[in-house]
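Order-wise, the sequence lines are chains A and B. Each residue of the first sequence is one higher than the one before, starting from 0 at the first, in numbering that gives the first Met the number 0. Each residue of the second sequence is one higher than the one before, starting from 0 at the first, in numbering that gives the first Met the number 0. Backbone N, C-alpha and C define an ideal beta-carbon position, used for all residues, glycine too. The structure displayed is predicted, hence computed values, not measured ones. These notes are about the structure you will find just below.
Number of protein chains: 2
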Amino acid sequence: MITSNDNAAVKHLSLLLKKTKARKESGTYIVEGIRMFREVPEDIIEKIYVSESFAEKNSDTLSGRDYEIMSDKVFSHVSDTVTPQGIMAVVKMKKHTLEDMFPKNEEPFIVLIDGLQDPGNLGTIIRCGEAAGISGVIMSRDTVDIYNPKTVRSTMGSLLRVPHMITDDIAALAEDLKKRGFTVVATELGAEKNYDEVDYRKPTAIFIGNEGNGLSKEALDAANERIIIPMCGKVESLNAAIAASVCMYEARRQRRNV
Amino acid sequence: MITSNDNAAVKHLSLLLKKTKARKESGTYIVEGIRMFREVPEDIIEKIYVSESFAEKNSDTLSGRDYEIMSDKVFSHVSDTVTPQGIMAVVKMKKHTLEDMFPKNEEPFIVLIDGLQDPGNLGTIIRCGEAAGISGVIMSRDTVDIYNPKTVRSTMGSLLRVPHMITDDIAALAEDLKKRGFTVVATELGAEKNYDEVDYRKPTAIFIGNEGNGLSKEALDAANERIIIPMCGKVESLNAAIAASVCMYEARRQRRNV
């Protein structure tokens with residue numbers, strides 16, 4: 000049993016939780032908590048760590064699995080959560096390609112994320128995106144790390160199921176999608192078209208921008224539909240995850256009602 | 000200038016930020032940050048506090064106003080934010096009634112909140128609600144305090160504009176609304192009707208439940224329309240603020256397209 004915070008494994012886990020670079024270099028990230036752990040396919044789990052009291056109470060969950068035990072104190076020290084559930088796994092990142100985002104049974108529906116910074120917003124968009132039936136998420140390099148523990152947690156498992164990739168030039172990728180027949184949609188505060196006046200039943204990509212600054216000029220230029228979510232009262236903008244969800248569910252509404 | 004954390008005003012501000020009871024007893028709450036401060040009507044401001052460096056740089060904003068200065072250190076100590084902007088106001092709560100939620104130019108559209116616990120979710124719902132044109136928010140007594148500093152902040156000013164009130168019996172209130180001709184809508188995971196199959200152009204009230212447990216039995220019983228937001232993939236539920244926003248914007252879409 001690991002009983003010291005100075006243990007090499009403990010230090011490695013802390014790095015994987017705190018540093019994007021450590022995650023990128025190892026090609027792994029941390030999944031914490033029992034619900035999400037249960038959804039991780041066995042073949043991408045590199046290592047399982049549990050707290051002493053978790054191991055005592057959950058022999059069923061752990062039966063037939065390799066795992067290492069930490070004292071409750073060490074587990075609390077390394078955990079990213081305020082009330083640790085006592086289980087975390089080191090998980091291998093899955094490599095997805097653009098082709099994974101072309102489903103067989105319906106037209107593709109891709110979310111393009113351009114510089115979003117809040118890990119909770121990103122996770123919430125992926126969770127709601129899976130529910131709204133998106134076929135993939137593509138992020139610009141300067142978007143918050145999708146393997147940030149807060150993002151992982153707020154996806155509630157959708158991270159394991161929604162194809163995702165990072166690109167160095169998201170505007171160029173959008174241009175490429177347009178050539179393949181996609182409608183590339185961007186929200187812009189000055190736009191004249193409402194978000195529900197676009198035909199989302201065709202192959203569609205929706206741009207979501209940065210919380211404070213919105214979309215980059217390159218992204219806006221690459222879009223062939225600029226839309227606005229009309230706002231009553233004196234509201235100046237919507238939270239990024241809310242705006243994304245309203246658009247994604249409008250797309251799903253149209254696709255359901257074909 | 001206030002230079003000690005032991006100053007009585009500092010202690011009072013801390014209580015107003017941290018304790019629902021202190022807010023309720025005084026009938027006041029704290030608005031922090033320059034953007035939201037600018038939106039507070041002068042007649043409901045009881046007192047303004049600024050940091051020393053804010054006062055030096057913002058004589059325009061403060062011109063003609065009564066305010067008290069704190070040292071930057073004391074301001075940081077009392078502030079609820081990680082990077083304080085240097086201005087906070089003690090603001091009087093506004094008393095709203097049900098009648099305030101009946102607008103002259105369109106049918107009423109009220110959000111009923113039944114036991115929501117996350118302050119950020121509540122604030123986000125009020126912000127998106129104003130944007131979607133709701134006419135009021137009614138909360139059950141066990142809902143998180145609307146004057147919690149995190150809620151106030153995440154409303155981005157909508158708290159000052161959207162009529163809101165608390166009720167001891169939200170199910171009874173829903174029954175009363177039904178008698179007045181309202182459609183009372185509740186989301187329920189087992190429901191057969193999709194959220195976009197309800198006619199929201201009539202007087203409408205939408206129930207939003209607790210993050211973990213959903214709606215109380217009383218609330219569900221009081222509803223005359225039970226709806227579901229259909230979910231693709233393996234998503235079990237949506238974040239409460241996302242679900243509320245999708246429904247509120249579907250209602251607005253219908254009302255726009257009358």
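Contiguous beta strand (DSSP E) elements confined to the region 177-256 of chain B occur at 182-186, 203-207, 224-227, taking only those with 3 or more residues. Scanning the region 72-142 of chain A for uninterrupted beta strand (DSSP E) segments of 3 residues or longer gives 86-91, 108-112, 135-139, listed from N- to C-terminal end. Residue range 33-38 is occupied by the alpha helix (DSSP H) that includes residue 33(B). With fewer than 16 other beta carbons inside 10 angstroms of its own, residue 63(B) counts as exposed. By the rule that beta-carbons nearer than 7 Å mark a contact, residue 248(A) touches chain B.
The C-beta of residue 40(B) has fewer than 16 other C-beta atoms within 10 Å across all chains shown, which makes the residue exposed. Against chain B, the beta carbon of residue 195(A) has neighbours under 7 Å at 252, listed in chain order.
What residue 158(A) touches in chain B, judged by beta-carbon distance under 9 Å, is nothing: the nearest beta carbon there is about 12 Å away. Residue 46(B) is bridged by DSSP to 89(B).
Between residue 113(A) and residue 33(A), the C-beta spacing is not below 7 Å.
Around residue 30(B), no beta-carbon contact reaches into chain A at under 8 Å, the shortest distance being about 15 Å. Note: residue 67(B) is bridge-paired with 48(B) in the DSSP secondary-structure output. Only buried fits residue 100(A), as 16 or more other CB atoms lie within 10 angstroms of its CB. Of the residues assessed, residue 191(B) falls on the exposed side of the cut-off, its CB having fewer than 16 other CB atoms within 10 angstroms. With a threshold of 16 other beta carbon atoms within 10 Å, residue 2(A) falls short and is exposed.
Each residue's CA atom was taken as its position, placing residue 29(A) and residue 72(B) some 37 Å apart. Proximity of residue 237(B) to chain A, defined by a Cβ-Cβ separation below 7 Å, is satisfied.
Contacts between residue 47(B) and chain A, judged by CB atoms closer than 8 Å, are missing: the closest CB pair is about 22 Å apart. Put simply, the region 151-158 of chain B touches the region 122-135 of chain B. At least three CB pairs are less than 8 Å apart. Here the alpha carbon of residue 48(A) sits roughly 26 Å from the alpha carbon of residue 162(A). Comparing alpha-carbon positions, the option among 60(B), 232(B), 66(B), 124(B) lying closest to residue 242(A) turns out to be 124(B). With a threshold of 7 Å between beta carbons, residue 96(B) makes no contact with chain A. No Cβ of chain A is located within less than 7 Å of the beta carbon of residue 100(B).
Of the other Cβ atoms in all chains shown, fewer than 16 fall within 10 Å of the Cβ of residue 65(B); this residue is therefore exposed.
Taking residue 229(B) as the centre and dropping the five residues before and after it, the same chain places the C-beta of 193 closer than 7 Å to its C-beta, in chain order. By the rule that beta-carbons nearer than 7 Å mark a contact, residue 203(B) does not touch chain A. Annotation: residue 154(A) is outside any beta strand (DSSP E) and is labelled neither H nor E by DSSP. Judged by pairs of C-beta atoms under 8 Å, the region 84-98 of chain B touches the region 10-30 of chain B, as three or more such pairs exist. Distance check between residue 106(A) and each of 93(A), 10(A), 199(A), 231(A) places 199(A) closest, using alpha-carbon atoms only. If you compare the alpha carbons of 139(B), 146(B), 236(B) with that of residue 17(B), the shortest gap goes to 146(B). According to DSSP, residue 11(A) shares a beta bridge with no other residue.
Following the DSSP letters along the chain, one finds residue 2(B) in no beta strand (DSSP E), marked with neither H nor E.
With its beta carbon less than 7 Å from one in chain A, residue 234(B) belongs to the interface. Annotated as proximal: residue 109(B) and residue 204(B), with beta-carbon spacing under 7 Å. Buried is the label assigned to residue 240(B), since at least 16 other Cβ atoms lie within 10 Å of its Cβ. Cβ neighbours of residue 136(B) within its own chain (closer than 7 Å, five residues either side excluded): 110, 112, 125, 128, 161, 163.
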